[in-house]
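Trainee: Quick one: structure below, then a few questions.
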Amino acid sequence: MKNHKIQVTSIIFGFTLVELLIVMAIIAILAGISIFALQGARTSARDARRKSDLEAISAAIEVYRADCDEYPIGGSLPSPLQRNCTGTMNTYMETIPTDPGGGGYYYWSDGAKYRICAALEDPPIPVMACSGCATCNYRKGSP
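Pasting the structure below:
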């Protein structure tokens, strides 16, 4: 009798469970890395906006000084930038910017000099006093 061998070929379509788990693990690792990178980018963007806001406020304060020969006296924004030195309405800034993180911008002036400051998120130190009104680590002021 002759032995006949039957050749069985099996074609498997699809992925094994191990292959799927490896791919899912790689995707999870990449997602975790991108979340941390995105958080750093958001922090940097908020800090850049704070610096830009302080530059704009500082420019408006300098325009006020050019009109009135002194810096607006006070300890808060926006009141110093809503009226000119004679007390009439004169908007030096259309809208006063607000901190993107919900904090505040702090202003101080005695008429001869001024300081405006904000708390940046990155780097969180060094913290300095802004004339007793708050702690901040970024400050603009009169020359």
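The sequence shown begins at 1306 in the numbering used here and counts up one residue at a time.
Each residue gets a CB set at the ideal place from its N, CA and C atoms; glycine is no exception.
Could you tell me how far apart the beta carbons of residue 1418 and residue 1376 are, in whole angstroms, since I believe they sit closer than 8 Å?
Mentor: Sure, about 7 Å apart at Cβ, within 8 Å.
Trainee: With the cut-off set at 8 Å, would you say residue 1363 and residue 1421 are in Cβ contact?
Mentor: The answer is yes: Cβ separation under 8 Å.
Trainee: Could you tell me which residues DSSP pairs with residue 1421 in its beta bridges?
Mentor: Paired residue(s): 1412 and 1445.
Trainee: Per DSSP, what kind of secondary structure is residue 1348 in: helix, strand or coil?
Mentor: In this structure, residue 1348 counts as helix in the three-state DSSP scheme.
Trainee: With a CB to CB cut of under 8 Å and the five nearest residues on each side skipped, what residues in its chain are close to residue 1368?
Mentor: Contacts found: 1397.
Trainee: Quick check: the Cα distance between residue 1351 and residue 1329, rounded to an integer number of angstroms?
Mentor: Taking the straight line from one Cα to the other gives about 33 Å.
Trainee: On the DSSP bridge assignment, give the partners of residue 1319 in chain order.
Mentor: The partner list for residue 1319 (beta bridge, DSSP) is empty, contrary to what the question assumes.
Trainee: In angstroms, rounded to a whole number, what distance separates the CA positions of residue 1361 and residue 1405?
Mentor: Near 15 Å, if we compare the C-alpha coordinates of residue 1405 and residue 1361.
Trainee: If you draw a straight line from the C-alpha of residue 1346 to the C-alpha of residue 1318, how long is it?
Mentor: So the alpha carbons of these two residues sit roughly 42 Å apart.
Trainee: Using the C-alpha atoms, what's the distance from residue 1353 back to residue 1379?
Mentor: Using only the alpha carbons, I get a separation of about 26 Å.
Trainee: Tell me, which residues are paired with residue 1379 by DSSP?
Mentor: Looking at the DSSP assignment, residue 1379 forms a beta bridge with 1414.
Trainee: Between the C-alpha atoms of residue 1332 and residue 1427, what's the straight-line distance to the nearest angstrom?
Mentor: For residue 1332 and residue 1427, the distance between alpha carbons rounds to 29 Å.
Trainee: Just to check my reading of the structure: residue 1410 and residue 1372 have Cβ atoms closer than 8 Å, yes? What is that Cβ distance to the nearest angstrom?
Mentor: The Cβ separation is near 22 Å, so there is no contact.
Trainee: Assuming residue 1355 contacts residue 1423 under a Cβ cut-off of 8 Å, what Cβ separation, rounded to an integer in Å, is found between them?
Mentor: The pair is a contact, with the Cβ atoms about 5 Å apart (cut-off 8 Å).
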